[in-house]
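The structure appears below as structure tokens.
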Amino acid sequence: MKKLVQIIASILLMNIQMSHSQDLSDYQWQNRVLILSDAGVDRRDSKLAFEQVTSQIDAWKERDVVVLFLANKVLTTLEDEKIKYVMELPDKFNGYLLIGKDGRIKINEKYPLIPKKVFDCIDGMPMRRSEMKERNQ
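Numbering follows UniProt numbering, with no gaps: position 92 of the sequence shown is 92.
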């Protein structure tokens with residue numbers, strides 16, 4: 001039951017954040033984007049990674065992270081809404097990408113997703129440190 005509540009909460013949260021974005025560049029300066037890419041037909045690896053995200057949803061939300069999915073060169077939201085993009089994204093890649101608020105790729109790693117590694121990367125970014133200072137004041 002707790003897991004179901006987390007999943008529903010994450011879907012609602014990400015729906016709000018992604019409801020008006022139809023282009024990857026719409027997120028620039030607003031959100032960090034975690035792209036879960038899966039070369040497998042069943043998308044097992046990206047589903048497992050997404051479960052890790054939902055299990056720590058507050059930590060991702062605090063860092064302004066939204067999640068998108070990449071499969072067969074098609075980038076989508078949780079609702080399967082297609083997102084346009086012009087940046088070069090890896091083809092047939094089984095892993096995850098973190099795109100910073102500046103629109104640049106910060107992490108390009110194969111699965112498994114290690115949230116602490118992503119959080120450490122984000123928390124080390126100058127923009128994030130500035131955000132943390134502002135929130136603590």
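Backbone N, C-alpha and C fix where the C-beta goes; we use that ideal spot for every residue, glycine too.
Keep in mind that this is a model prediction, so the values were computed, not measured.
- Taken atom to atom, the span from the alpha-carbon of Asp58 to that of Leu24 is near 23 Å.
- Taking a C-beta distance under 9 Å as the contact criterion, Val33 and Val86 do not qualify as a contact pair.
- Under the rule that a run must span 3 or more residues, the beta strand (DSSP E) segments found entirely inside the region 73–127 read 74–76, 95–99, 105–110.
- Taking 9 Å as the cut-off, the beta carbon of Pro115 is found closer than this to the beta carbon of Gln56.
- In terms of CA proximity to Asp64, Leu98 leads the group Leu98, Ile83, Val41, Asn72.
- DSSP, read as helix, strand or coil, puts Asp58 in helix.
- C-alpha of Ile83 to C-alpha of Asp45: approximately 21 Å in a straight line.
- If you compare the alpha carbons of Gly40, Asp26, Leu75, Glu62 with that of Ile122, the shortest gap goes to Glu62.
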